[in-house]
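Undergrad: Mapping of the sequence shown onto UniProt numbering: residues 1 to 596, in sequence order.
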Amino acid sequence: MNVINRLISRITGFYDVLGRFILTILFLIALAVCNIISINSETGDYSRLISTCITGALLGALAQVVSERFMEGTKGRLITMAAAIILTGAFYLFIIPPGTSVYGTWMIKTLVTGFALFMAFILVPSIKGSFTFNQTFMAAFKALFIAVFFASILFGGISLITAAINSLLFPVGSKSYMHSANIIYSLFAPLYFFSLIPYYPGKGMVEKREEETKKLVSCPKLLEILISYIIVPLTAVFTLILLAYIIINIGNEFWTNSLLEPMLVAYSIVVILVYILTGSLQNKSAVLFKRIFPKVLIPIVLLQTIASAVKVGDMGLPHTRYYVILYGAFAIIAGIFFSFLSVKKTGIVIIILIVLSLLSVIPPVDAFTVGRGYQLNLLKKTLVRNDMLVEGEIISNPGIPDKDKVLITLITDYVFSLGYEDGIDWLSGGVLSRDNFYKTFGFEQQYSPNGFNGGGYEGYSAFLSSDTVIDISGYDRLIPFTFEGDDKEVRNLTLTETEVEGKSYTLRLETDADSKRLVLYNGEMKEVISMNLQEIIDKMYEMGAAKKELTLEEATFTERNAEADLSLIIRTMNLDTSGGETVYLYVESMILFGVK
1 MNVINRLISR ITGFYDVLGR FILTILFLIA LAVCNIISIN SETGDYSRLI
51 STCITGALLG ALAQVVSERF MEGTKGRLIT MAAAIILTGA FYLFIIPPGT
101 SVYGTWMIKT LVTGFALFMA FILVPSIKGS FTFNQTFMAA FKALFIAVFF
151 ASILFGGISL ITAAINSLLF PVGSKSYMHS ANIIYSLFAP LYFFSLIPYY
201 PGKGMVEKRE EETKKLVSCP KLLEILISYI IVPLTAVFTL ILLAYIIINI
251 GNEFWTNSLL EPMLVAYSIV VILVYILTGS LQNKSAVLFK RIFPKVLIPI
301 VLLQTIASAV KVGDMGLPHT RYYVILYGAF AIIAGIFFSF LSVKKTGIVI
351 IILIVLSLLS VIPPVDAFTV GRGYQLNLLK KTLVRNDMLV EGEIISNPGI
401 PDKDKVLITL ITDYVFSLGY EDGIDWLSGG VLSRDNFYKT FGFEQQYSPN
451 GFNGGGYEGY SAFLSSDTVI DISGYDRLIP FTFEGDDKEV RNLTLTETEV
501 EGKSYTLRLE TDADSKRLVL YNGEMKEVIS MNLQEIIDKM YEMGAAKKEL
551 TLEEATFTER NAEADLSLII RTMNLDTSGG ETVYLYVESM ILFGVK
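#1: Identify every run of the alpha helix (DSSP H) within the stretch 513–596, keeping only runs that are complete inside it and at least 4 residues long; order them along the chain.
#2: Tell me the rounded alpha-carbon separation between L93 and G114.
#3: Here's the rule: buried if 16 or more other CB atoms are within 10 angstroms of the residue's CB, otherwise exposed. What is G523?
#4: If you compare alpha carbons, which of I306, T572, K290 and Y322 is closest to A334?
#5: Give the DSSP-derived three-state secondary structure of P190 in the structure shown.
#6: Straight-line CA distance for D501 to A564?
#7: Grouping DSSP H, G and I as helix and E and B as strand, with all else coil, what is P480?
#8: For I122 and A143, which I take to be in contact (beta-carbon distance under 8 Å), what is that distance rounded to the nearest angstrom?
#9: In terms of residue numbering, what span does the beta strand (DSSP E) encompassing L493 cover?
#10: Within 10 Å of its beta-carbon, does T74 have 16 or more other beta-carbons around it, so buried, or fewer, so exposed?
#11: Taking contact to mean 3 or more Cβ pairs, one atom from each stretch, closer than 8 Å, check whether the stretch 29–41 and the stretch 66–73 are in contact.
#12: Pick from N134, V365 and L592: whose alpha carbon is nearest that of S342?
#13: Counting C-beta neighbours from all protein chains within 10 Å, is the total for V237 16 or more, i.e. buried, or is it exposed?
#14: If I measure Cβ to Cβ from L378 and keep anything under 7 Å in the same chain, skipping five residues before and after, which residues do I get?
#15: Which parts of the stretch 289–358 are runs of the beta strand (DSSP E), unbroken and 3 residues or longer, counting only runs that do not cross its ends?
#16: What's the gap between the Cα of F441 and the Cα of D387?
#17: On the CB-based measure, 16 or more other CB atoms within 10 Å of its CB, does L117 come out buried or exposed?
#18: Answer with buried or exposed for F194, where buried requires no fewer than 16 other C-beta atoms within 10 angstroms of its C-beta.
#19: Measuring only from the beta carbon, is M315 closer than 8 Å to any heavy atom that is part of the ligand NAP?
#20: Could you say which of L585, T213 and I325 lies nearest to L125 if we only look at CA atoms?
#21: Indicate the three-state DSSP secondary structure (helix, strand or coil) for T43 in the structure shown.
#22: Helix, strand or coil for S67, going by three-state DSSP, please let me know.
#23: Measure from the alpha carbon of V370 to the alpha carbon of each residue in I332, I325 and L389, then state which is nearest.
#24: Is E261 near A331, with beta carbons less than 9 Å apart?
#25: Count the other CB atoms, across all protein chains shown, that sit within 10 Å of the CB of Q64; report buried if there are 16 or more and exposed otherwise.
#26: Do you know how far the Cα of S186 is from the Cα of L168?
#27: With a Cβ-Cβ cutoff of 9 Å, do L273 and L223 count as a contact?
#28: Do you know how far the Cα of I183 is from the Cα of T110?
#29: What is the rounded straight-line gap between the Cα of E391 and the Cα of W426?
#30: Can you tell me whether I472 is helix, strand or coil according to DSSP?
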């Protein structure tokens, strides 16, 4: 009987969602349709539409809780829905304008906007209400966990069934998995999530729902144990490790180690999240956490924010560092509020978070506009300081300090990857492309002050464009060849045995600790011609670029004698070195030989 009642309750919950979050449902259906078209399309870019549908769905949900909390009747609901539609259109036109999706910034803008709207969705029911933000957050947290858990189970089951049909009955298209994921995560999971969101007290609230709401905002015993006796102690141990590292390295490495930025941001997120989840818990572990950790958070985040701000002077302000500094400022404010105000005031901190998040995506103070302007100005100042920008034209100068070479390399990589050179006269004509970098600036791209031979770990990559046409006339055989290993590995392999004009030939790879050779033998196993692979590796190493697109001439290495011609054409080469020695080598190539 209980099972039947629960099933009826779930069905009723889904039915209520259709009427309660109607605008959100429409945007989710549009999202699923866009995803279907995108999956089946080979060339179209639907990222802007997908972002808009996601944002519209969240705005629709926010509009619904606003109308439930502060308005009464159909008129109020229609007003909030109309506002949500207008804001969705504004997001499409101004936050992700045409061209945004091409460079990938749409994803970050969508995530940040979606996060702000989701937090607002949780916050609104707690404004001047009988439930605190911590309680409404707990309800949303549980609903999200349950929805994702069930959706993942469902997707796993459907994937297994699809795989079984494909193996045992008939072929199933590979895109069926993506279509399944689309329907489950674009429609089922959100619907299930919203079906678990309670009705909060408002002008139109039915009193009988109050007990049900209290149950949904409470913390389950299992989750209380998980937070209080597992997550809190683990956070405490990690805090001690961070504090020890900061104290030991406060005089040197702490201020220059960029790897700490994401780690400390993640740490502060965990502390704030756990603080919110422990808001309604009164056991000893939770109380100690709420009393101590906000105060510990302040100096840790303050030091990291200062370290990030110091890097701005040396390395500029790309959008990633913008977010690190912005979030650092928020975390400091949150630590202060959590230290001196009651848990019931958490909503104030969330309002600050929402405002800062929205500011970071709204021009002209958004992360990308600020980052573009700052990086371009820093690049211009660096070029002018080194007499490399004269009358609006870049002049190559190989003799500038290594520090400036690194700065120019990093900034041009950033500017070029996001397409920020468009519309800048002195950057027109593709001067920032990797192919033109050396010709433009007079030196190869450099990512560390010591250059690529400085004794540390360095990676090299070179590749031949996939649309390169190769002339194989004059050769008798073409053999694909892939080599993977380290510099000292001994390997002797027969790559192919073939006949040319009735004569047998064997192509072998012969390596030892000191050399690598390609050798062509005749039927009597006498050497016809050979090629020194080690010399080729050394030549690629000497090119010195961290990433280089090769011309066919650069990628081709040939040996000739009276008996045969032997050529190696590199398609892809990855080379990792440490202390000047090769620790990993990957070569994907084509071998051609012709006998005379």
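Ideal Cβ positions, reconstructed from N, Cα and C, are used throughout, including at glycine.
TA: Short version:
#1: 533–543 and 552–555
#2: 16 Å
#3: exposed
#4: K290
#5: helix
#6: In the sequence under discussion, the amino acid at residue 501 is Glu, which differs from the Asp named in the question. Whole-angstrom Cα-Cα distance: 13 Å.
#7: strand
#8: Not really, about 10 Å apart at Cβ, beyond 8 Å.
#9: N492 to V500
#10: exposed
#11: no
#12: N134
#13: exposed
#14: G316 and I411
#15: none
#16: 11 Å
#17: buried
#18: buried
#19: Inclusion of the ligand NAP in the displayed structure is not the case, the ligand content being empty and no account of it being possible.
#20: With the sequence shown as reference, residue 125 is identified as Pro, and Leu is not the correct amino acid for it. The shortest Cα separation from P125 among L585, T213 and I325 belongs to T213.
#21: coil
#22: helix
#23: I325
#24: no
#25: buried
#26: 29 Å
#27: no
#28: 20 Å
#29: 9 Å
#30: coil
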